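Chains as they are written, first to last, in my numbering: chain W, 924 to 973; chain L, 36 to 505. Glycine is no exception: its CB is placed at the ideal position from the N, C-alpha and C atoms. Small disclaimer: the values here were computed from a predicted structure and weren't measured.
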């Protein structure tokens with residue numbers, strides 16, 4: 924049985940057009956490729972230090 | 036595909052041919068990203084928009100620069116009515132690849148139509164307001180807002196779902212099912228929609244089971260939808276097998292009801308139409324009457340004005356006409372002529388003529404009047420002119436220039452050919468330092484008596500006045 928109150932909590936206000944700019948700036952765009960490059964660079968630095 | 040280290044184009048090898056960096060893992064990440072993109076594309080193709088969103092997000096988690104995946108994600112959001120999310124994805128895409136990017140067209144499509152953008156914003160605001168109403172337990176208001184939202188943006192899945200939830204809460208299961216069906220038509224594999232649908236089907240099932248308990252009856256039942264209502268024709272309702280008599284009675288009753296309805300509905304309408312027509316005619320006649328009344332008033336005003344004008348003219352005429360009906364001015368002229376003929380008194384005659392001039396304009400009188408007036412003036416003029424000239428000359432010698440001017444003016448009035456008087460007048464003006472009149476009078480002397488000593492003198496003095504003025 925569906926609980927109305929519980930289900931209502933799953934609905935969130937929609938972003939308005941004025942808020943789109945902020946949403947774009949705040950979006951985390953880090954991807955797997957970034958992480959890989961970062962890891963490779965860190966390992967290279969460690970190797971150089973040793 | 037480009038090397039993450041130096042940006043060179045990668046070959047089929049697992050290392051970069053330009054910088055030698057190991058790109059095997061990097062290539063795998065790119066492949067996985069493309070795989071998720073392909074999956075997302077397939078899901079979007081069969082309207083599994085929620086699944087497509089998940090796949091495309093995964094694709095972007097592996098490679099944020101996958102422009103096709105990002106553009107498609109925006110498109111899927113747009114299809115689900117999430118316009119701001121779609122715009123965000125397209126803006127990021129455009130930022131990553133400014134040229135030859137279809138996201139540019141999508142953004143233009145929305146931004147070029149300001150009214151559409153405003154409508155989208157209104158939709159979002161109304162949806163948020165509906166959500167607030169739900170939380171305040173104002174479910175009726177929330178439903179109204181959501182219906183408005185869906186009339187503006189019929190593909191807004193979240194609004195459909197919220198409306199369905201409200202219907203479910205109000206146990207309007209059939210309506211909830213219709214909303215959920217609309218959700219499924221847009222996004223066929225949305226978990227939340229399917230969950231709600233399951234619940235709704237469960238609630239509707241027992242009722243249908245009761246109705247469909249017998250297979251035979253099910254086949255006979257007729258069920259159809261009219262607007263928002265589902266009409267189910269009752270089963271096992273048999274028409275009574277009556278005789279033709281009852282049918283005739285029913286037809287008769289129907290006719291009577293029809294006639295009554297006609298009497299009570301059609302006749303008042305016709306009467307009302309006739310009354311309206313009559314009222315229109317009365318109003319039109321009233322307007323015409325008003326216009327005519329206004330016209331009569333205007334004409335009456337004009338008549339009054341003309342009457343007043345007539346009275347004033349009559350009064351003026353009375354001033355000219357004497358007791359015996361002849362004009363006073365003619366009388367005065369005849370008196371002046373008689374006086375001159377009998378007494379040869381030029382001063383009295385001049386006084387009589389001046390009286391006449393003060394009362395009327397000589398040029399406006401009859402030809403005979405002007406002729407007699409001219410003859411009298413010509414007879415007395417030279418003598419009077421000489422006298423006035425002598426008086427003027429005397430005043431001039433006594434340096435009483437205003438008196439000199441007055442006498443010379445009279446002298447030239449009574450005899451226009453008196454060159455000495457004209458010259459004397461000009462000189463008197465000059466001495467009075469009335470240079471403008473002096474110059475004008477010198478000009479008159481030059482004009483009336485050309486090639487004379489008076490004209491030469493006048494010119495000399497006029498020139499000297501011009502030099503003084505300069």
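Are the beta-carbon atoms belonging to residue i and residue j less than 8 Å from one another?
{"i": "residue 145/L", "j": "residue 128/L", "result": "no"}
{"i": "residue 440/L", "j": "residue 460/L", "result": "yes"}
{"i": "residue 159/L", "j": "residue 192/L", "result": "no"}
{"i": "residue 502/L", "j": "residue 493/L", "result": "no"}
{"i": "residue 72/L", "j": "residue 91/L", "result": "yes"}
{"i": "residue 68/L", "j": "residue 98/L", "result": "yes"}
{"i": "residue 116/L", "j": "residue 188/L", "result": "yes"}
{"i": "residue 937/W", "j": "residue 162/L", "result": "yes"}
{"i": "residue 454/L", "j": "residue 484/L", "result": "yes"}
{"i": "residue 156/L", "j": "residue 939/W", "result": "yes"}
{"i": "residue 552/L", "j": "residue 190/L", "result": "Here chain L covers residues 36 to 505 and nothing more, so residue 552/L does not appear."}
{"i": "residue 41/L", "j": "residue 931/W", "result": "no"}
{"i": "residue 79/L", "j": "residue 126/L", "result": "no"}
{"i": "residue 416/L", "j": "residue 450/L", "result": "yes"}
{"i": "residue 100/L", "j": "residue 131/L", "result": "yes"}
{"i": "residue 166/L", "j": "residue 934/W", "result": "yes"}
Could you check how far apart the C-beta atoms of residue i and residue j are, in whole angstroms? I think they sit under 8 Å.
{"i": "residue 137/L", "j": "residue 122/L", "result": "Incorrect: roughly 14 Å between the Cβ atoms, too far for contact."}
{"i": "residue 411/L", "j": "residue 463/L", "result": "Not quite, the Cβ-Cβ distance comes to about 28 Å (not below 8 Å), so this is no contact."}
{"i": "residue 955/W", "j": "residue 96/L", "result": "6 Å"}
{"i": "residue 960/W", "j": "residue 39/L", "result": "5 Å"}
{"i": "residue 196/L", "j": "residue 180/L", "result": "Going by Cβ atoms, the distance from residue 196/L to residue 180/L rounds to 14 Å, so no, they are not a contact pair."}
{"i": "residue 194/L", "j": "residue 211/L", "result": "Not really, about 14 Å apart at Cβ, beyond 8 Å."}
{"i": "residue 467/L", "j": "residue 437/L", "result": "7 Å"}
{"i": "residue 204/L", "j": "residue 927/W", "result": "4 Å"}
{"i": "residue 208/L", "j": "residue 238/L", "result": "5 Å"}
{"i": "residue 50/L", "j": "residue 43/L", "result": "Wrong, their Cβ atoms sit about 11 Å apart, outside the cutoff."}
{"i": "residue 391/L", "j": "residue 368/L", "result": "6 Å"}
{"i": "residue 215/L", "j": "residue 226/L", "result": "Between residue 226/L and residue 215/L the Cβ distance is about 12 Å, and since that is not below 8 Å, they are no contact."}
{"i": "residue 366/L", "j": "residue 374/L", "result": "Not quite, the Cβ-Cβ distance comes to about 12 Å (not below 8 Å), so this is no contact."}
{"i": "residue 405/L", "j": "residue 397/L", "result": "6 Å"}
{"i": "residue 29/L", "j": "residue 465/L", "result": "Outside the shown range of chain L, which is 36 to 505, sits residue 29/L, and nothing can be said about it."}
{"i": "residue 236/L", "j": "residue 925/W", "result": "At roughly 12 Å, the Cβ-Cβ gap does not stay under 8 Å, so residue 236/L and residue 925/W are not in contact."}
Would you mind reading off the limits of the alpha helix (DSSP H) that contains residue i?
{"i": "residue 935/W", "result": "Looking at the DSSP string, residue 935/W is not in any alpha helix (DSSP H), and its letter there is neither H nor E."}
{"i": "residue 298/L", "result": "Residue 298/L -> no alpha helix (DSSP H), and no H or E assigned at all."}
{"i": "residue 212/L", "result": "208-221"}
{"i": "residue 53/L", "result": "That residue, residue 53/L, is in no alpha helix (DSSP H); it is neither H nor E in DSSP."}
{"i": "residue 398/L", "result": "It is not in any alpha helix (DSSP H) - residue 398/L carries neither H nor E in the DSSP assignment."}
{"i": "residue 370/L", "result": "363-378"}
{"i": "residue 476/L", "result": "470-483"}
{"i": "residue 949/W", "result": "943-949"}
{"i": "residue 162/L", "result": "149-170"}
{"i": "residue 967/W", "result": "955-972"}
{"i": "residue 106/L", "result": "102-114"}
{"i": "residue 89/L", "result": "84-97"}
{"i": "residue 184/L", "result": "174-187"}
{"i": "residue 127/L", "result": "118-131"}
{"i": "residue 924/W", "result": "That residue, residue 924/W, is in no alpha helix (DSSP H); it is neither H nor E in DSSP."}
{"i": "residue 140/L", "result": "137-146"}
{"i": "residue 440/L", "result": "436-449"}
{"i": "residue 204/L", "result": "192-204"}
{"i": "residue 952/W", "result": "Unbroken run through residue 952/W: none, as it is neither H nor E."}
{"i": "residue 455/L", "result": "454-466"}
Exercise for review: Check whether the region 212-225 of chain L touches the region 943-955 of chain W, counting contact only when three or more Cβ pairs, one atom from each stretch, lie closer than 8 Å.
Suggested key: no
Check your understanding: Do the region 444-461 of chain L and the region 405-424 of chain L meet, that is, are 3 or more Cβ pairs less than 8 Å apart?
Key -> yes
Exercise for review: Would you list, in chain order, the members of the region 84-99 of chain L that have their beta-carbon closer than 8 Å to a beta-carbon of chain W?
Suggested key: 95, 96, 97, 98, 99
**Study point:** Validate contact between the region 52-60 of chain L and the region 80-88 of chain L using beta carbons, cut 8 Å, 3 pairs
**Key:** no
**Study point:** Residues of the region 939-951 of chain W with Cβ closer than 9 Å to any Cβ of chain L, in chain order
**Key:** 939, 940, 941, 942, 943, 944, 946, 947, 950
**Study point:** Where the region 221-244 of chain L meets chain W: residues whose CB sits under 8 Å from a CB there
**Key:** 227, 230, 231, 234
Point to revise | Short-range partners of chain W found in the region 120-150 of chain L, where Cβ spacing is below 8 Å | key: 120, 122, 123, 126, 127
Practice item. Could you list the residues in the region 954-971 of chain W with a C-beta less than 7 Å from some C-beta on chain L, going in chain order? Key: 954, 955, 956, 959, 960
Practice item. Scan the region 157-169 of chain L for residues whose Cβ lies nearer than 9 Å to a Cβ of chain W and list them as they occur along the chain. Key: 158, 159, 160, 162, 163, 166, 167, 169
Point to revise | the region 202-214 of chain L: positions lying closer than 8 Å to chain W by Cβ | key: 203, 204
Practice item. Quick one: which residues of the region 60-71 of chain L get their C-beta closer than 7 Å to a C-beta of chain W? List them in chain order. Key: 60, 61, 64
Review point. Of all the residues that make up the region 183-194 of chain L, which are near chain W by a beta-carbon distance shorter than 8 Å?
Key: 193
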